[in-house]
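Per numbering that gives the first Met the number 0, the very first residue in the sequence shown carries number 0; after that it's consecutive.
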Amino acid sequence: MESNQKVYVEFEDNKLLQELVGSQDANIIRLEQRLGVSIALRGNQIVIVGPQPESDYAKKAINYLYAKIAKGQGIDASDVDTAIRFSSTSVELEQKGGPDVSINTKRRMIFPRSENQARYIQAMQENDLIFGLGAAGTGKTYLAVAIGVSLLITGKVERIILTRPAVEAGEKLGFLPGDMKEKVDPYLRPIYDALYDMIPSDQVQKRMLSGEIEIAPLAFMRGRTLSNAFVILDEAQNTTSVQMKMFLTRLGNHSKMVITGDMSQVDLPKGITSGLEEAVSILKDVGGISMITFDEKDVVRHPLVSKIVTAYARSSIHS
């Protein structure tokens, strides 16, 4: 039987401490349930009782949440979950109220919510070709768009180019109604959503008209050299081998490419090899290319999404 230890955390500002605790102690209760510890508030002090290392994780998570509030940032259940995810890692949180990697966009400062997200951001900051691989809901596309926006608004790139394969789930563009923009927009909606979350909508439209932000289907990349740009290929598991090689060879000077995809959600016709799967196999040992793989622990949507991803991964039905 594990012996419990008692850990004390003292704070200067009782008002901030009450905000940390949350309405009806919601944040503390969430920490208790997730980490298996007991947490009590005594004046300006929090007392944590539980086994090691969980009680130490709780202390680290609480310090992170307090620092975040002290910076004037509100916290909610997702921030508590972030604190818990990072509490068992070597990523430093306490001093900044956030991990030691972050992304500044027009609308907000974006912090990673898992250790793999932190590694992913760092990889995008340091490398020119990055693969973000793994389950839905892990922030692969959102964080890539955030890095692109940050580089654009600071003048480090001249444009962001965002693209996806336009044939998915057996649907072909020719059979869809509308002009080309109307045909491809539904496929690119997640990218639009991410942009609008980071840049005021009027500025998104203005930058699209000027060509600083370009959103187009993958076929539009053929024959081009993409220089001075931040380029994202989303849903790359649905590229063919030919499409992927074509895209990779578009990389020009002073540019970065991020390729995201989930190999469990390939919609290509049976018998056609995914260009993403092939590229990962061919390029895995090439220097200067970073590959970050996410799993269900990195899912940052509703907590049930992580459980759903895990259940499907364990099931033999879709293997």
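C-beta: ideal position from N, C-alpha, C; glycine also.
Open item on the list: Between the alpha carbons of Ser273 and Thr309, how many angstroms are there, rounded?
Closed with: 23 angstroms
- [ ] Please confirm whether Leu150 and Val144 have their CB atoms less than 8 angstroms apart.
- [x] Their beta carbons are not under 8 angstroms apart, which means Leu150 does not touch Val144 by this criterion.
Task: Distance between Val79 and Gly154 (C-alpha atoms, nearest Å) - done: 34 angstroms
Open item on the list: Between Gln32, Ile68, Gly260 and Asn103, which has its C-alpha nearest Gly49's C-alpha?
Closed with: Gln32
Task: Status (buried if at least 16 other CB within 10 Å, exposed otherwise) for Thr259 - done: Thr259 should be labelled buried.
- [ ] Taking 8 angstroms as the cut-off, decide whether the C-beta atoms of Ala235 and Ile159 are in contact.
- [x] No, Cβ-Cβ distance for Ala235 and Ile159 is not below 8 angstroms.
Open item on the list: Can you tell me whether Gln242 is buried or exposed? The criterion is at least 16 other CB atoms within 10 Å of its CB, across all chains shown.
Closed with: Buried.
Task: Best match in Ala57, Ile307, Asp75 and Arg107 for proximity to Ala193 [C-alpha to C-alpha] - done: Arg107
Task: Thr247 and Met262 closer than 8 angstroms at C-beta - done: Checking the sequence, you will find Leu at residue 247 rather than Thr. Contact flag unset, no.
Task: As assigned by DSSP and simplified to three states, the class of Ile159 - done: strand
TODO: Sort out for me which residues DSSP pairs Ile291 with in a bridge.
DONE: Gly131
TODO: Alpha carbon to alpha carbon, how far is Val148 from Gly21? Give it in angstroms, no decimals.
DONE: 33 angstroms
Task: Residues near Ala320 by beta carbon distance below 6 angstroms, same chain, minus five either side - done: Because the chain is modelled from 0 through 318, residue 320 falls outside the range shown and cannot be assessed.
TODO: Would you check if the distance between the CB atom of Ala57 and the CB atom of Ile68 is smaller than 8 angstroms?
DONE: Going by C-beta atoms, Ala57 is not nearer than 8 angstroms to Ile68.
Open item on the list: Our contact map puts Ile152 next to Ile102 with C-beta atoms below 8 angstroms; I'd like the distance itself, whole angstroms only.
Closed with: Incorrect: roughly 11 angstroms between the Cβ atoms, too far for contact.
TODO: Inspect the CB distances between the region 128-141 and the region 286-296 and report whether three or more fall short of 8 angstroms.
DONE: yes
TODO: Mind checking which residues open and close the alpha helix (DSSP H) that includes Gly274?
DONE: Gly274 to Leu282
Open item on the list: Quick check on the DSSP output: the beta strand (DSSP E) that includes Ala215 runs from which residue to which?
Closed with: Ile212 to Pro216
Task: Nearest-angstrom beta carbon gap, Ile231 and Leu161 [assumed within contact, 8 angstroms] - done: 5 angstroms
Task: Whole-angstrom distance between Lys296 and Val8, CA atom to CA atom - done: Answer to the nearest angstrom: the Cα atoms are 27 angstroms apart.
TODO: Apply the 10 Å Cβ neighbour rule to Gln116 and answer buried if 16 or more other Cβ atoms are within range, or exposed otherwise.
DONE: buried
Open item on the list: Applying the 10 Å Cβ sphere with the 16-neighbour rule, what's the burial state of Gly96?
Closed with: A caution first: Gly96 carries a pLDDT of 45, below 50, which makes its placement in the model too unreliable to give a value.
TODO: Please classify Thr248: does DSSP put it in a helix, a strand, or coil?
DONE: coil
TODO: Rounded to whole angstroms, what's the CA-CA distance from Ile120 to Glu114? Just pull it up for me.
DONE: If you take the alpha carbons of Ile120 and Glu114, they lie about 10 angstroms apart.
Task: Alpha-carbon to alpha-carbon, Asn126 and Gly286 - done: 10 angstroms
- [ ] Give the DSSP bridge partners of Gln4, in chain order.
- [x] Note: Gln4 sits in a beta bridge opposite Gly49.
TODO: Less than 8 angstroms between the CB atoms is what I'm expecting for Ile74 and Ile61, so what's the real figure, rounded?
DONE: Wrong, their Cβ atoms sit about 11 angstroms apart, outside the cutoff.
Open item on the list: Quick check on Pro164: buried or exposed, where buried means 16 or more other Cβ atoms within 10 Å of its Cβ?
Closed with: buried
Open item on the list: For the alpha helix (DSSP H) containing Arg221, name the first residue and the last one.
Closed with: Arg221 -> no alpha helix (DSSP H), and no H or E assigned at all.
- [ ] Could you tell me the boundaries of the alpha helix (DSSP H) in which Arg33 lies?
- [x] Ala25 to Leu34
Open item on the list: For a quick check, are the C-beta atoms of Met220 and Met256 less than 8 angstroms apart?
Closed with: no
TODO: Take Ser86 as the anchor and find which of Val203, Lys205 and Leu30 has the nearest alpha-carbon.
DONE: Leu30
Open item on the list: Can you tell me which residues form a DSSP beta bridge with Val257?
Closed with: Its beta-bridge partners are Ile129 and Ile231.
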